[in-house]
Each structure stands twice: as C-alpha cells, then as structure tokens.
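Worksheet: the structure to be examined is printed underneath.
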Amino acid sequence: MSGSYYDSIFWIEVDKIKPNPYQPRRDFDQARLQELAESIRQYGVLQPIVVSRQEVIRDDGIAVEYELIAGERRWRAAGLAGISQVPAVIRVDDDPKMKLELAIIENLQREDLNSVDRARAFERLANEFNFTHLEIGRKVGKSREYVSNTIRILALPEDVLCALAEGKIMEGHTRPLLMLTDRPEDQRSFFERMISGNLNVREAELAARGIAVDRARKPAPPPPDPEIVELEKRLAETLGTRVKIEKKEDGGQIKIDFFSPEDLKTILLTLSNPSSVAETAKEKPVSSNEDDLYNLENFNV
825 MSGSYYDSIF WIEVDKIKPN PYQPRRDFDQ ARLQELAESI RQYGVLQPIV VSRQEVIRDD
885 GIAVEYELIA GERRWRAAGL AGISQVPAVI RVDDDPKMKL ELAIIENLQR EDLNSVDRAR
945 AFERLANEFN FTHLEIGRKV GKSREYVSNT IRILALPEDV LCALAEGKIM EGHTRPLLML
1005 TDRPEDQRSF FERMISGNLN VREAELAARG IAVDRARKPA PPPPDPEIVE LEKRLAETLG
1065 TRVKIEKKED GGQIKIDFFS PEDLKTILLT LSNPSSVAET AKEKPVSSNE DDLYNLENFN
1125 V
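Here is the structure:
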C-alpha cells in the first residue's frame, strides 16, 4: 500500500523524530501537555503517532530520520515524560501537500485546533497548494462557505486573533468585528468594549450592526440654492466648461473641469482677461474628450 508500511506499528526513538514543518497548530498549551505527559508516564502512548521516513546523507554514511505528520502533542508529551520510544505508523512517498493535509485532518478530526490555527491552515492549503475552498471543504467534511468564512477571520488585527486563539472571545464574535473592517477605529473601540463588557455573540452582532447602520446613514442633501445654480451657469458660459460651486458655512470651493493642459491654459487666460474669451474660443475650442478629464480643485477666484 503506497503511503505506509502496511500500517504496521514501529517503536521509534523520540530523539530521531523532528517536528512537521506543515503542522497547522502554532500554540501548545503547556499545562495540558504536562497533564498528557503524566498520563503517558503511567499508561504509555496509547495511540501511535504518524511519521514519514527520510534517509539523510552524512559524512559518516546514511542516517535515518523521521518527520512528524500527526501526533505532535503525544510526541512532545512523551519527551516531557522521559519516554525514549514511541509507537508510530510510518508513511512513505508523501509530498508536502499530503503532509499538510494529513496534519490538518488529524487535528480537525480531534477538534483540537483553535479557530485561528484552523484559518491559517486553510489559507496555506489555498495559497501554497492551490486548493480551492470547495476542495478544502471536501477534505475536512465542511462546506465551501465554512472554509471561506473561516479564512476571513485572518483579516482581523493580530491582537484580535490572539484574543480569539486564547479563548478571550469566541469565533462567533468575529462576525460583528468583520462588519467594521472598513472602519478600523470603530472596530478597535468595539473590540475593547467586547472584551471589557463580556458581550455575548448575539449582543455583539446587534451592537455592531447598529454602529454600521449609524455610520452609513447620511442626512438628505439640501435642495440646490437657486443663486448658486445661476452662478454655476454663468461661470460655465464664461469659461466654456463645467463649473461646480460647493458652498459651506464659511466660504466654499469652486471646481472647474478641464480636459487637457491646453484647456487649463485657456481657462487661466480667461480668468485673468475675460475680454479675450471670444478670441480664445475661436483659436482653440474646448475639448469634450472625457478620457482626458482633469479636475481643478480649490481654485480661488
């Protein structure tokens, strides 16, 4: 059977095994590792780890090493317990994609990954090994939407991800935080409120939705001022281009459109010498090429 020595179990020295570089889990709870080590001291390693076998060429010949695929917690705990050998199933001919896939699936089957590690593992499968979200979902028995929503968590700031990994907030709390991704200040203050106020997921979603609606709600624009409209019209006729006047409580802005550098020169000449408008218009009609649009803003007249 390609991939293992017929699923036979071998006893391998702990110090000949090295960690899996594709291990999706980043954090190992030291207290729980110590508890597992105490259990291993009493009962041994009850479930074999899974490793790949590698031959390494050294100055003194060929040496055999093993790389973890699944069971890193058991291997680490065995080391803490002072166990010299652990039972293992040896797989052969696994490529990096298969190693990562097996490591993720093994952890997911045991539901032993936190939300952030799971999201990063999915992202690696997608980015490094070109799995689609649908393919990842099929591998782990989840929907495409589940995979996509899990990866979306990584758009949150790093300290939010740390709080999630440490269990200070739940995965459900990430949805309201993601509603505020385009408003970092609101997201930050809401996260701090979530931590200090112990909001449950439902309360957090309602509060975030309220913030999003309040920020999106804009007052209706006032009706156009007839005097401003008339001034815009007169300026447009004089300059031969579109003019927009934005009136504020104290002063305002005049925005003048032009469509080429030559048009800009014509407008400036007109503003400095209104009597030359007719002659200028004969020499160079105003272009109507929208692709060459320039915007002259904050031009004070």
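Per this note's numbering, numbering through the sequence shown is continuous, rising by one, with the last residue being 1125.
We treat Cβ as the ideally placed atom computed from N, Cα and C, and that holds for glycine.
Asked	Found
Opening and closing residue of the alpha helix (DSSP H) in which Leu-1002 lies	998-1002
Pick from Ile-893, Leu-1095 and Val-1025 that is closest to Met-994, judged by C-alpha positions	Val-1025
Closest Cα partner of Glu-983 within the set Gln-1011, Lys-963 and Ile-836	Residue identity differs from the one stated: residue 983 is Asp in this sequence, not Glu. Minimum Cα distance to Asp-983 is reached at Gln-1011.
Cβ pair count under 8 Å reaching 3, the segment 851-858 against the segment 877-888	no
Opening and closing residue of the beta strand (DSSP E) in which Pro-911 lies	909-915
Segment limits, alpha helix (DSSP H) that includes Leu-892	Not the alpha helix (DSSP H): Leu-892 falls in the beta strand (DSSP E), residues 885-894.
Identity of the residue in Leu-988, Leu-926 and Ala-861 nearest Leu-904 by Cα	Ala-861
Rounded straight-line distance, which links the Cα of Tyr-890 to that of Asn-973	35 Å
Sequence-distant residues of the same chain with beta carbon closer than 6 Å to Ala-950, five excluded per side	none
C-alpha distance - Phe-955 paired with Glu-969, whole-angstrom precision	14 Å
Nonlocal neighbours in the same chain, by C-beta distance under 6 Å from Ser-1112, ignoring five residues either side	With a pLDDT of only 42 at Ser-1112, under 50, the local geometry of the prediction cannot be trusted, and the value read off the model is given with reservation. Within the same chain, Ser-1112 has no close Cβ partners at all.
Rounded straight-line distance, which links the Cα of Glu-959 to that of Ile-1052	60 Å
Distance, Leu-1030 Cα to Gln-1077 Cα	40 Å
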